[in-house]
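Quick note, the sequences are listed as chains A and B, same order. Take the first sequence: its position 176, counted from the start at 1, is 177 in this note's numbering, and no numbers get skipped. Take the second sequence: its position 70, counted from the start at 1, is 71 in this note's numbering, and no numbers get skipped. Beta carbons are placed, not taken as given, at the ideal position from N, Cα and C, and that holds for glycine. Working notes for the structure below.
There are 2 protein chains.
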Amino acid sequence: RLSRASVGRLSLYLRRLEILLREGTTKVSSGTLGEALGVTDAQVRKDLAYLGHLGHPGVGYAAPELIDAIRRALGVDREWLAALAGVGNLGRALLRYRGFADRGFRIVALFDADPAKIGQRVEGLEVHSPDAMAELLPALGVELGVLTTPAESAQAVADAMALAGVRGLLTFAPGVLRRPAGVNVVSVDLTVQLEQLAFLVQHGGE
Amino acid sequence: RLSRASVGRLSLYLRRLEILLREGTTKVSSGTLGEALGVTDAQVRKDLAYLGHLGHPGVGYAAPELIDAIRRALGVDREWLAALAGVGNLGRALLRYRGFADRGFRIVALFDADPAKIGQRVEGLEVHSPDAMAELLPALGVELGVLTTPAESAQAVADAMALAGVRGLLTFAPGVLRRPAGVNVVSVDLTVQLEQLAFLVQHGGE
Ligand SMILES: NC(=O)c1ccc[n+]([C@@H]2O[C@H](COP(=O)([O-])OP(=O)(O)OC[C@H]3O[C@@H](n4cnc5c(N)ncnc54)[C@H](O)[C@@H]3O)[C@@H](O)[C@H]2O)c1
Ligand SMILES: NC(=O)c1ccc[n+]([C@@H]2O[C@H](COP(=O)([O-])OP(=O)(O)OC[C@H]3O[C@@H](n4cnc5c(N)ncnc54)[C@H](O)[C@@H]3O)[C@@H](O)[C@H]2O)c1
């Protein structure tokens, strides 16, 4: 089983490999991949061992093959349909971001509790009342939910999405979310990235 | 020297410790900290060894002491002043987010290239033209920059902030940013978190 930390690294190896391949590099060593992320090559080899026997001792990994294996492991070799609840500033910024669709994540349903927003169209999608989740999400085959509501409504929205069949939630709302049974939750706190930056600046950087 | 991955873990240990302390736990083992993040206790001990001799073999770490040491190492025991460029959807969501100020990160200057936005006030701050950076940032003592501009203007804005004395940049703009000399860059791609979620859902979760 891979830990969350290893999964996060797989995503970063994937981006590194895609840049290297674009630059014409087809063979890559665990050292090259590790250097970019600040991990030892032993850690890289351990992470990649999860994908099966891809590397050749002394020669390294074939970049195209490794890219395909990581995409399969991460499940980004297919499309994921998502619903977004809380069509405010952050919700709108996520809706406009092309990076999600490029990796196969499509937001196909919008929900908001503000009567003034219900019925409007944002980035081509109609905003529905949260009451419509139970009917709409199974009909569309939505598996993921993105929560950009205020903290106080996040739990109720998470539970409603879980009841409607959603199997994974990405939440931006601060505070601890009780994980609905059978649903995976990843929470984002952008302060973590600011702390990383503060550390680098404080210690004179890389 | 700590790798980016270890620094990211320090932030997550910090949040875990703060929750445990609020619940009344004062002694914590490396196993307890590691479990929450999916890392081995050997990795936790290695990360924390950077902070000095805090743990007592067999007894664990004193939570309050460890919290202080992590805050000092991350540089969040002090205030950081930041400037934000690109006051659009994402910029506004970041401005309203209380999580930053709670950790000592204060956004004190706003910049946007849209003439219709320059001179307006957003969340109590006046929006300036990017031309005003060279004068304003040193005068305010701003050390960090947050980039929420479109991808095509990110490099120019990063270089202008670097010239004005900024020492660290948090960028959301897609694409690779050339690191201005002497400046640290952390880039955020929220697709990485969605991939983490897809992995958990695909493999039946935790
Ligand atoms: N984790 C981070 O790093 C980070 C960064 C920025 C913002 N945030 C968080 O993201 C959330 C959104 O921020 P924002 O600036 O976009 O806020 P916003 O006020 O602009 O948007 C919130 C939206 O949620 C809607 N809403 C309220 N209750 C709802 C419910 N029960 N069901 C569906 N929709 C509901 C509101 O009508 C509004 O449209 C906040 O919780 C904020 O704290 C987190
Ligand atoms: N990394 C991620 O996960 C992620 C997620 C969402 C959005 N984004 C990115 O964040 C950025 C902002 O997204 P948004 O939805 O808020 O866009 P937006 O269009 O709402 O906001 C962009 C703002 O930047 C301003 N701007 C343009 N050129 C500028 C310049 N030279 N100097 C200063 N300001 C300038 C515009 O006037 C506008 O106000 C985009 O690059 C987007 O791709 C990244």
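Counting only unbroken stretches of 4 or more residues, the alpha helix (DSSP H) elements lying wholly within the stretch 21-55 of chain A are 31-38 and 42-50, in sequence order. Take G56(B), set aside five residues on each side of it, and the residues of its chain with a beta-carbon closer than 6 Å to its own are Y62, in chain order. Around the C-beta of P131(A), 16 or more other C-beta atoms lie within 10 Å, and the residue is accordingly described as buried.
Apart from the 5 residues on each side of it in sequence, D48(A) sits with its Cβ closer than 7 Å to the Cβ of S7, R10 and L11 in its chain, given in chain order. As a beta-bridge residue in DSSP terms, V187(B) pairs with L171(B). No Cβ of chain A is located within less than 8 Å of the beta carbon of P151(B). Using a Cβ distance threshold of 8 Å, V123(A) and L95(A) do not count as a contacting pair. Boundaries of the alpha helix (DSSP H) harbouring V202(B): T192 to Q203, taken from the DSSP string. Taking 8 Å as the threshold, the shortest C-beta distance from P139(B) to chain A does not fall below it. For G92(A), the enclosing alpha helix (DSSP H) has its first and last residue at N90 to R97.
Annotated three-state conformation of A157(A) is helix, per DSSP.
The beta carbons of G87(B) and D113(B) sit closer together than 8 Å. From the listed residues A161(A), L126(A) and L21(A), the smallest Cα separation to G146(A) is found for A161(A). Judged by their CB atoms, T149(A) and G89(A) are nearer to each other than the 8 Å cut-off. Secondary structure note for A74(B): its alpha helix (DSSP H) is the uninterrupted segment A64 to L75. Among the residues of the stretch 108-140 of chain A, none has a Cβ less than 8 Å away from any Cβ of chain B.
Identification of chain A residues near Q194(B) by a Cβ-Cβ cut-off of 8 Å yields L171, V187 and V189, ordered along the chain. G105(A) and V184(B) have their C-alpha atoms some 33 Å from each other. In this structure, the straight-line span from the alpha carbon of L3(A) to that of S188(A) is close to 18 Å. Counted as a single uninterrupted DSSP element, the alpha helix (DSSP H) harbouring A140(A) occupies residues M134 to L141. For G25(B) and Q194(A), the gap between their C-alpha atoms comes out near 28 Å. The Cβ-Cβ distance between V143(B) and V109(B) falls below 8 Å. Distances between the C-beta of T149(B) and the heavy atoms of ligand 2 include at least one below 7 Å.
DSSP, read as helix, strand or coil, puts A117(B) in coil.
With respect to the 8 Å criterion, G53(A) and V45(A) are not classified as neighbours on the basis of their beta carbons. Placement of the Cβ of L95(B) at a distance of less than 7 Å from at least one heavy atom of ligand 1 is found. When the alpha-carbon of L138(B) is set against those of V77(B), R168(B), G76(B) and E80(B), the nearest one is in R168(B). DSSP places V8(A) within a helical segment (H, G or I) once states are collapsed to three. Taking 7 Å as the cut-off, one finds at least one heavy atom of ligand 1 near enough to the beta carbon of K118(A).
Within chain B, not a single residue places a beta-carbon under 8 Å from that of S31(A); the smallest gap is close to 15 Å. By the criterion of a C-beta distance shorter than 7 Å, A135(A) is surrounded in its chain by L164 and A165, once the five residues flanking it on both sides are discounted. Within chain A, the residues placing a beta-carbon under 7 Å from that of V77(B) are E196 and A199, ordered along the chain.
With respect to the 8 Å criterion, L22(B) and A64(B) are classified as neighbours on the basis of their beta carbons. Secondary structure at G146(B): strand, using DSSP grouped into helix, strand and coil. No Cβ of chain B is located within less than 8 Å of the beta carbon of Q156(A).
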